[in-house]
Amino acid sequence: MEEMRLEELSDIEFDVLKEISNIGTGNAATAISKMLDGRVDIKVPDIRFLDFNELPEIIGGAENEVIGILVALERDVEGMMMFVMDKKSASVVVSGILGREYTELGELPDEMETSVLKEFGNIIAGAYLSAISKLTGMTIVPSVPALSDDMAGAILSVPAIEFGKMSDRVLLIQSEFSGGSGNAEGFFILVPTLKGFDNIFTKLGLKKG
Amino acid sequence: MGELIRVGMADMNICRAPDRITTLGLGSCIGLVLFDIGNAVCGMIHIMLPDSSISKVRDNPAKFADTGIDELIKRLERAGLRSSSLCAKMAGGAKMFSVGGADGTLSIGERNAEAVRNILKQRNIPLISLDCGGTYGRTIEFDPITYRLKIRAIGKKEVYI
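Heads up: the sequence lines are chains A and B, in that order. Numbering that gives the first Met the number 0 puts the first residue of the first sequence at 0, with every later residue one more than the last. Numbering that gives the first Met the number 0 puts the first residue of the second sequence at 0, with every later residue one more than the last.
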């Protein structure tokens, strides 16, 4: 198989990733608005390359406290998917799902809040990935979600390191949503491995297997 | 008062007193400082991966422990330090997420820390102190006058190593 260099994606491949992201995000937004019982707006997904250091800037800088929910991906597309929100948005989400008045999350979310956030991540990841599966006919199996509440730099270093193995930049497939009872917003970052990228393009007929 | 020099992810820099040097939000990455007691010059690197053989793309030596540490030593020599008198302090290498049946990526912090320790040993650079592992992010700041490395984490007391 020809060695693929991530920076050399063609326009068509870029468009495909964008479309995949579009469909995935749309599906996830439907799931979110059901959970939060409100209308959820999504921005058109943005797909671009960032330097490692630019990545934490999408969510307030390296030291900003954020919540990251991560699922590992297996089978036809290996890699990971991360959903990142700032603390305030996470508070809106938790309050919305628990049907309580808006309550700011404490320094560390308690067990109940953590499991609500993980479940939220689980449903979003599931909705997102099933859209991709339908489009490509591939089977993608997400792991049980893991959650971390910490500095943005530390959380985003996890996808950055995964990209570091194949590139000096990060490909950000960013889908932003906002809405719910209060106003929450967050980002999805999909990180297939090089082989995962390759499988997607091959499956869609953009590449010979 | 001097300035605070920032080192980004997969990046390195040299610092002379009265300046201090910092890197923000280390997760599984390693922040390593090399210095020489008696000299007010130091170097810091923010390492992402343990070994350059992992990656096909090796344009940036600072990304990897092996190529990064050697490059930092070279730069410190150019800045007037002798490699034979260097010492080290390091922090980071956390495990930010625990996913069941964890693959390599999620224990990369541990592998990073181990790689850095091995390379320091091979280069005869004593490791004076370290604060590695755990499940939380760290911001570090080094002062080449006191040789103290300040470590900041969310919800924890600031420590100096």
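Ideal Cβ positions, reconstructed from N, Cα and C, are used throughout, including at glycine.
Expected contact under 8 angstroms - CB spacing of residue i and residue j to nearest Å
| i | j | result |
| --- | --- | --- |
| A:G67 | A:I41 | Their Cβ separation, rounded to whole angstroms, is 20 angstroms, which puts A:G67 and A:I41 out of contact at 8 angstroms. |
| B:K62 | A:G163 | 6 angstroms |
| A:A28 | A:F176 | 5 angstroms |
| A:A151 | B:G24 | 6 angstroms |
| A:L155 | A:L49 | Actually they are not in contact, since the Cβ atoms of A:L155 and A:L49 sit about 10 angstroms apart, beyond 8 angstroms. |
| A:P44 | A:K87 | No, A:P44 and A:K87 are not in contact; Cβ-Cβ is about 23 angstroms, not under 8 angstroms. |
| B:G26 | A:V115 | Incorrect: roughly 24 angstroms between the Cβ atoms, too far for contact. |
| A:T51 | B:M0 | Contrary to the premise, residue 51 of chain A reads as Phe rather than Thr in this sequence. The Cβ separation is near 29 angstroms, so there is no contact. |
| B:G132 | B:A112 | 7 angstroms |
| A:L8 | A:M165 | That pair is no contact at about 12 angstroms. |
| A:L72 | A:T113 | With 8 angstroms as the limit, A:L72 and A:T113 do not qualify as a contact, their Cβ atoms being about 22 angstroms apart. |
| B:G154 | A:L107 | 7 angstroms |
Cutoff 6 angstroms; reference residue i; Cβ partners in own chain excluding five residues on either side
| i | result |
| --- | --- |
| B:I150 | A90, D130, R137, I139, V158 |
| B:D35 | L80, S84, L85 |
| A:G23 | Y127, A130, I131 |
| B:A64 | I46, P49, A114, V115, I118 |
| A:P70 | The residue asked about is misnamed: residue 70 of chain A is Val in this sequence, not Pro. These residues qualify, in order along the chain: M80, A124, P141, S142, P144. |
| B:R57 | S51 |
| B:I124 | L85, A87 |
| A:A183 | S88, V91, V92 |
| A:V190 | G78, M79, P158, E161 |
| A:V169 | L49, L54, A159, F162 |
| A:M111 | none |
| A:T192 | E77, G78 |
| B:I20 | I4, C14, M43, F141 |
| B:S162 | Residue 162 of chain B lies beyond the range of chain B shown here (0 to 160); nothing can be said about it. |
Amino acids of chain A, ordered along the chain, whose beta-carbon sits closer than 8 angstroms to that of residue i
| i | result |
| --- | --- |
| B:K156 | Neighbours of B:K156 on chain A: none; closest Cβ ~13 angstroms, over 8 angstroms. |
| B:Y135 | D149, A153 |
Where residue i meets chain B, residues with beta-carbon distance less than 9 angstroms
| i | result |
| --- | --- |
| A:E12 | Result: empty, since nearest Cβ-Cβ is about 18 angstroms, beyond 9 angstroms. |
| A:I46 | In chain order: nothing, as chain B lies at least about 20 angstroms away. |
| A:I199 | Correct list: empty, because the minimum Cβ distance to chain B is about 19 angstroms. |
| A:I41 | Neighbours of A:I41 on chain B: none; closest Cβ ~25 angstroms, over 9 angstroms. |
| A:I172 | Chain B residues near A:I172: none, gap ~18 angstroms exceeds 9 angstroms. |
Cut-off 8 angstroms between Cβ atoms - residues of its own chain near residue i, not counting five sequence neighbours on either side
| i | result |
| --- | --- |
| A:I160 | none |
| B:T134 | A93, K94, M95, S97 |
| A:P102 | Sequence check: residue 102 of chain A is Thr here, not Pro. Once the five neighbours on either side are set aside, the close Cβ partners of A:T102 are S90, V93, S94. |
| B:V40 | I13, C14, R15, A16, F34, L75, A78, G79, L80, P143 |
| B:I107 | S27, L48, P49 |
| A:R74 | M137, T138, I139, V140 |
| A:V15 | I199, F200, L203, L205 |
Chain-order list of residues whose beta-carbon lies under 7 angstroms from that of residue i (same chain, five-residue window excluded)
| i | result |
| --- | --- |
| A:E12 | F200, L205 |
| A:I58 | V65, V83, D85, A151, F186 |
| A:F119 | M34, V92, I96 |
| B:Y146 | F34, I36 |
| A:R47 | L171 |
| A:G136 | K202 |
| B:L71 | M11, L33, G42, I44 |
| A:K194 | E77 |
| A:N121 | P144 |
Interface partners of residue i on chain B, CB under 7 angstroms
| i | result |
| --- | --- |
| A:P55 | G24 |
| A:G120 | Residues of chain B passing the Cβ test: none, with the nearest at roughly 11 angstroms. |
| A:A61 | L23, G24 |
| A:N52 | G7, M8 |
| A:I123 | Within chain B, no residue comes near A:I123; the closest Cβ sits about 16 angstroms away, beyond 7 angstroms. |
Chain A contact residues for residue i, given Cβ-Cβ distances below 7 angstroms
| i | result |
| --- | --- |
| B:I153 | E64, D149, M150 |
Contact list for residue i against chain B, beta-carbon separation under 8 angstroms
| i | result |
| --- | --- |
| A:G163 | A9, M47, L48, S54, K62 |
| A:S166 | V56 |
| A:L107 | G154 |
| A:I58 | Those do not exist, as A:I58 stays about 11 angstroms from chain B at its closest Cβ, beyond 8 angstroms. |
| A:I22 | Those do not exist, as A:I22 stays about 25 angstroms from chain B at its closest Cβ, beyond 8 angstroms. |
| A:S131 | The residue you asked about is not Ser; residue 131 of chain A is Ile in the sequence shown. None at all; the shortest Cβ gap to chain B is about 19 angstroms. |
heavy atom of the ligand PLP below 8 angstroms from residue i C-beta
| i | result |
| --- | --- |
| A:G23 | This structure simply doesn't include the ligand PLP, nor any ligand for that matter. |
Closer than 9 angstroms at the beta carbon, the chain A residues around residue i
| i | result |
| --- | --- |
| B:A145 | According to the sequence displayed, residue 145 of chain B carries Thr and not Ala. Under the 9 angstroms cutoff, chain A gives no residues; its nearest Cβ is about 23 angstroms from B:T145. |
Beta carbon proximity, residue i to chain E, threshold 9 angstroms
| i | result |
| --- | --- |
| A:V190 | Among the protein chains of the structure shown, namely A and B, there is no chain E. |
Q: Determine which residues of the region 34-68 of chain B have a Cβ less than 8 angstroms from any Cβ of chain A, and write them out in chain order.
A: Correct list: M47, L48, I53, S54, K55, V56, D58, N59, K62.
Q: Kindly provide the ranges of any beta strand (DSSP E) runs that are 3 or more residues long and lie completely inside the region 52-118 of chain B, ordered along the chain.
A: Every beta strand (DSSP E) of 3 residues or more that sits fully in the region 52-118 of chain B is shown, in chain order, as 86-91.
Q.
As an exercise, report each continuous beta strand (DSSP E) stretch of at least 3 residues that is fully enclosed by the region 100-181 of chain A, in chain order.
A. The region 100-181 of chain A contains, as complete beta strand (DSSP E) runs of 3+ residues, the segments 139-141, 145-150, 168-178 (chain order).
Q: Output the residue ranges of the beta strand (DSSP E) runs that lie fully inside the region 23-65 of chain A and measure 3 residues or longer, sorted by chain position.
A: Runs of the beta strand (DSSP E) lying entirely within the region 23-65 of chain A and spanning at least 3 residues, in chain order: 39-41, 45-50.
Q: Could you please tell me which residues of the region 113-142 of chain B, in chain order, have their CB closer than 8 angstroms to any CB of chain A?
A: Listed in sequence order: T134, Y135, G136, R137, T138.
Q) Where are the alpha helix (DSSP H) runs, 4 residues long or more, that stay fully inside the region 62-87 of chain A, in chain order? A) Listed in chain order, nothing qualifies, since the region 62-87 of chain A has no complete alpha helix (DSSP H) run of 4 or more residues.
Q: Report the residue ranges of all beta strand (DSSP E) runs contained in full by the region 5-44 of chain B; include only those spanning at least 3 residues, in chain order.
A: Within the region 5-44 of chain B, the complete beta strand (DSSP E) runs of at least 3 residues are 10-15, 19-25, 29-34.
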